[in-house]
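Novice: Mind having a look at this structure? Questions to follow.
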Amino acid sequence: MKKWAGIILAGGSGSRMGSATPKQFLELAGRPLLWHTLRAFSESPVEQLVLVVPGKKHGMERAGRVSGVRPVEMADAAESYVERCRREYVGEWGFEKIAAVVEGGAERYDSVYAGLNALRGSGCEIVAIHDGARPLITAERITASCEAAEIYGACVLAVPVKDTIKRADEELCAAETLPRKQLWAVQTPQSFRYELCLSAYDRMMRDPALLRGVTDDAMVLERCTDTRVKLVMGDYQNLKVTTPEDMLAAEVYLRTRKEKGIS
């Protein structure tokens, strides 16, 4: 088995949650949401992790945008997330696989690039890039993703869509019904051979034209390499927590897993 590493993206603002605290640090089933994500990776064969968190400037700006924030809450939000995560996740909870905690950037691709740069010289051969706000990921799916990356070079977890998908025109009228059998909803982790992913990101970051419309890592490989991205079966429970409703759904899934004795 090649040397595997993970990049956990925990730098988002979580504006749709309506909280001064980024969603990945909100409580889910008695622990921070991010804790559940890190536990899954700690139980997987991934050897080292880079945790990408909001910068201090982001914390201050985010707190100032949310109404009703008290001065003490403002101070908490402005605290260095890098220091906080080192203290809590490495020191207190003992997630020893965390090799580095770095500040993210304004866009998702900036944060991914920060994580990739933190792994330069580490010797990792496979990198799994995961949204920290997907706390229901399992060690089994992480392993499947990395194993597929060893074979194909690039892969993403994905699930077949269940709903009928229509493309809308500018007047919000149905312009086309897309063939459902060909449509997959992409999840994370998205896993790649590290050097392949790094070279693709290096190229993209040098050319602003390539940055337009990028929403995930697979798009970077699609634009900057000739490598085909393999779809690997994900898990419908592997949802991304974006809204309060998502948080409630995640609570239910975690409670059900606990009742069934599934970690």
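So the sequence shown is residues 74 to 336, counted in the working numbering. Ideal Cβ placement from N, Cα and C applies to all residues, glycine included.
Beta-carbon separation of Ala-323 and Pro-208 under 9 Å?
Specialist: On the sequence shown, position 250 is the one that residue 323 refers to. On the sequence shown, position 135 is the one that residue 208 refers to. Closer than 9 Å, so yes.
Novice: Which class does Asp-308 belong to by DSSP, given the choice of helix, strand or coil?
Specialist: As a position in the sequence shown, residue 308 is number 235, starting the count at 1. DSSP places Asp-308 in coil when its eight states are reduced to three.
Novice: Specify the secondary structure class of Glu-156 as computed by DSSP and reduced to three states.
Specialist: Against the sequence shown, residue 156 aligns to sequence position 83. Residue state, collapsed to three classes: helix.
Novice: Taking only three categories from DSSP, how would you classify Lys-62?
Specialist: Beyond the ends of the chain as shown, which are 74 and 336, falls residue 62; an answer cannot be given.
Novice: What does the alpha-carbon distance come out to for the pair Thr-211 and Trp-108?
Specialist: As a position in the sequence shown, residue 211 is number 138, starting the count at 1. As a position in the sequence shown, residue 108 is number 35, starting the count at 1. Cα to Cα, the separation comes out at about 13 Å.
Novice: Check Ser-346 in the structure and name its three-state DSSP category.
Specialist: Here the chain has residues from 74 to 336 only, and residue 346 is not among them.
Novice: Taking all protein chains shown into account, decide if Thr-329 is buried (16 or more other Cβ within 10 angstroms of its Cβ) or exposed.
Specialist: Working through the sequence shown from its first residue, we reach residue 329 at position 256. So Thr-329 counts as exposed.
Novice: Suppose the cutoff is 7 Å on Cβ atoms and the five residues either side in sequence are ignored; what does the same chain contact list for Ser-115 look like?
Specialist: In the sequence shown, residue 115 corresponds to position 42, counting from 1. Counting only Cβ-Cβ distances below 7 Å, and skipping sequence neighbours, we find Phe-168, Lys-170.
Novice: Could you give the first and the last residue of the continuous alpha helix (DSSP H) run that contains Lys-331?
Specialist: Here residue 331 corresponds to residue number 258 of the sequence shown, with the count starting at 1. Taken as a continuous stretch (DSSP letters only), the alpha helix (DSSP H) holding Lys-331 covers 317 to 332.
Novice: What residue range does the alpha helix (DSSP H) around Ser-272 cover?
Specialist: Against the sequence shown, residue 272 aligns to sequence position 199. Unbroken alpha helix (DSSP H) run through Ser-272: 267 to 279.
Novice: What's the call for Ala-247, buried or exposed, on a 16-neighbour Cβ count within 10 Å?
Specialist: As a working mapping, residue 247 is identified with position 174 in the sequence shown. So Ala-247 ends up on the exposed side.
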